[in-house]
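To start, the structure itself, in structure tokens.
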Amino acid sequence: MSFPAPKPEGPQIPQHLLWTLDSQQGPVRAVRFNADGNYFLSCGADKSLKLWSASKGTLLKTYSGHGYEVLDADSSFDNSQICSCSSDKSVILWDVASGQVTRKLRGHAGKVNCVQFNEEGTVMLSGSIDGTVRCWDVRSRRNEPIQILDEARDGISSLKVAQHELLTGSVDGRVRRYDLRMGQLHVDFLSSPITCVCFSADGQCTLSSSLDSTLRLLDKSSGEMLGEYKGHTMKGYKLDCCLSSKDTHVLSCSEDGHVYCWDLVEGSLSLKLPVGKAVVQSLSFHPSECRLLTAMEGRVQLWANEPETEETDT
Numbered sequence: 001m002s003f004p005a006p007k008p009e010g011p012q013i014p015q016h017l018l019w020t021l022d023s024q025q026g027p028v029r030a031v032r033f034n035a036d037g038n039y040f041l042s043c044g045a046d047k048s049l050k051l052w053s054a055s056k057g058t059l060l061k062t063y064s065g066h067g068y069e070v071l072d073a074d075s076s077f078d079n080s081q082i083c084s085c086s087s088d089k090s091v092i093l094w095d096v097a098s099g100q101v102t103r104k105l106r107g108h109a110g111k112v113n114c115v116q117f118n119e120e121g122t123v124m125l126s127g128s129i130d131g132t133v134r135c136w137d138v139r140s141r142r143n144e145p146i147q148i149l150d151e152a153r154d155g156i157s158s159l160k161v162a163q164h165e166l167l168t169g170s171v172d173g174r175v176r177r178y179d180l181r182m183g184q185l186h187v188d189f190l191s192s193p194i195t196c197v198c199f200s201a202d203g204q205c206t207l208s209s210s211l212d213s214t215l216r217l218l219d220k221s222s223g224e225m226l227g228e229y230k231g232h233t234m235k236g237y238k239l240d241c242c243l244s245s246k247d248t249h250v251l252s253c254s255e256d257g258h259v260y261c262w263d264l265v266e267g268s269l270s271l272k273l274p275v276g277k278a279v280v281q282s283l284s285f286h287p288s289e290c291r292l293l294t295a296m297e298g299r300v301q302l303w304a305n306e307p308e309t310e311e312t313d314t
């Protein structure tokens, strides 16, 4: 006589609040885990950028040098440098340890919405409301970009870099994928202004969110629509979306104070995470663990798939 096999446990999703911190920097415009998930960055409306310990939520350093609110940031793979961008039209390269500005790059004609290092940390890419993506050489002292991508017909809201590929989302309703090695451009038209784009962890798909309150999962090579995710509210704000670290779930900020989490394959809503009573501005999924950062007004929260147990001395 045999017993039925135990039902396999489904993928875990972060739903337990571990801590909340007041960042003391006005409304937080973006939160970003670093490459290994041990630290995170918060971008403030008060012109500051802050580096935190992800496990404890303790402040490690504050970076001041922008002239207006900081909109996005990224840390290099070796955690030695940070890049950030701002409404002041500038991109700043920081030395993590000293907190000093290494370089301040100007060239965009409007506020810079998004910035990211390439995987080697040798190039910074920045996307602006002026409709261009500018590529900056981190190692040289040149103040001019090494390349300007100006195919967008409206502002660049989001960009992501993975190996030799660059993904951009624009207010013109188009997701553009540049193969930087082959010099090729692929365009998908989604009709509504794009607020955020990202690659799946396996590199096969792209996810984009737009102001028609819809997330779309596309096959990267063919552009075929693989899934649509709805239920959240995104009509007037530039809000983040992402995939979980194992590509099991699709997550999005929402204007109704929740983070929505859908099963990637089935498209069904798995979780509606109550963050608070205001717009959830930004989120970031841990690169390897089931942990999620959310930002609402001046607060940053860390969520996990199970409550943290108190360690007891024996």
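Its first residue numbered 1, the sequence shown is counted upward by one per residue in UniProt numbering. We treat Cβ as the ideally placed atom computed from N, Cα and C, and that holds for glycine.
Short Cβ contact (8 Å threshold) for residue i with residue j
i, j, result
"Y39", "L49", "no"
"L211", "L251", "no"
"V70", "S84", "yes"
"V115", "Q281", "no"
"D188", "H164", "no"
"I92", "G110", "no"
"S86", "H108", "no"
"D22", "G298", "yes"
"V138", "V123", "yes"
Cβ-based burial, residue i [other Cβ within 10 Å; buried from 16]
i, result
"residue 333", "Lying outside 1 to 314, the shown extent of the chain, residue 333 is not represented and no answer is given."
"S222", "exposed"
"G203", "exposed"
"V265", "exposed"
"W19", "exposed"
"M234", "buried"
"L207", "buried"
"P274", "exposed"
"T294", "buried"
"L302", "buried"
"N113", "buried"
"M296", "buried"
"N118", "buried"
"N143", "exposed"
"S254", "buried"
Chain-order list of residues whose beta-carbon lies under 8 Å from that of residue i (same chain, five-residue window excluded)
i, result
"T314", "Its pLDDT being 37, under 50, T314 is placed unreliably in this model, and the coordinates cannot settle the point."
"G37", "A54, H286, P287, S288, E289 and R291"
Span of the beta strand (DSSP E) around residue i
i, result
"P27", "Per DSSP, P27 belongs to no beta strand (DSSP E) and is neither H nor E."
"D188", "Q184 to F189"
"N113", "V112 to F117"
"S157", "I156 to A162"
"H258", "H258 to D263"
"A295", "R291 to M296"
"P274", "L269 to P274"
"R299", "R299 to A304"
"Q204", "Element bounds for Q204: n/a, residue is neither H nor E."
"H249", "H249 to C253"
"residue 364", "For residue 364 there is no data in the structure shown, the boundaries of the chain being 1 and 314."
"E308", "Run containing E308: none; DSSP gives neither H nor E here."
"I194", "I194 to F199"
Residue i: CB within 7 Å of a non-hydrogen atom of the ligand SAH
i, result
"L292", "Within the structure as shown, the ligand SAH is missing, as the structure has no ligands at all."
Residues near residue i in its chain [Cβ-Cβ closer than 7 Å; skip 5 each side]
i, result
"D263", "H249 and S270"
"D154", "G131, S170, V171 and D172"
"S213", "K230, H232, T233, M234 and K235"
"C205", "L217, L218, D219, K220 and L226"
"T312", "The predicted model places T312 with a pLDDT of 39, which falls under 50 and marks its position as unreliable, so this point remains unresolved."
"A304", "P14, H16, L18, C290 and R291"
Spatial neighbours of residue i in its chain, beta-carbon cut-off 6 Å, leaving aside the 5 residues before and after
i, result
"G121", "S76 and F77"
"S90", "K104 and R106"
"G227", "L217 and G267"
"C196", "S158, S209, D240 and C241"
"S191", "G173"
Inter-residue CB distance, residue i and residue j (contact presumed, cutoff 8 Å)
i, j, result
"residue 350", "D150", "Only positions 1 to 314 of the chain appear in this structure, which leaves residue 350 out of reach."
"I148", "W136", "Going by Cβ atoms, the distance from I148 to W136 rounds to 10 Å, so no, they are not a contact pair."
"I194", "V175", "6 Å"
"R32", "A73", "6 Å"
Proximity test, Cβ basis, 8 Å: residue i and chain B
i, result
"H186", "Absent from the structure: chain B. Only one protein chain is present."
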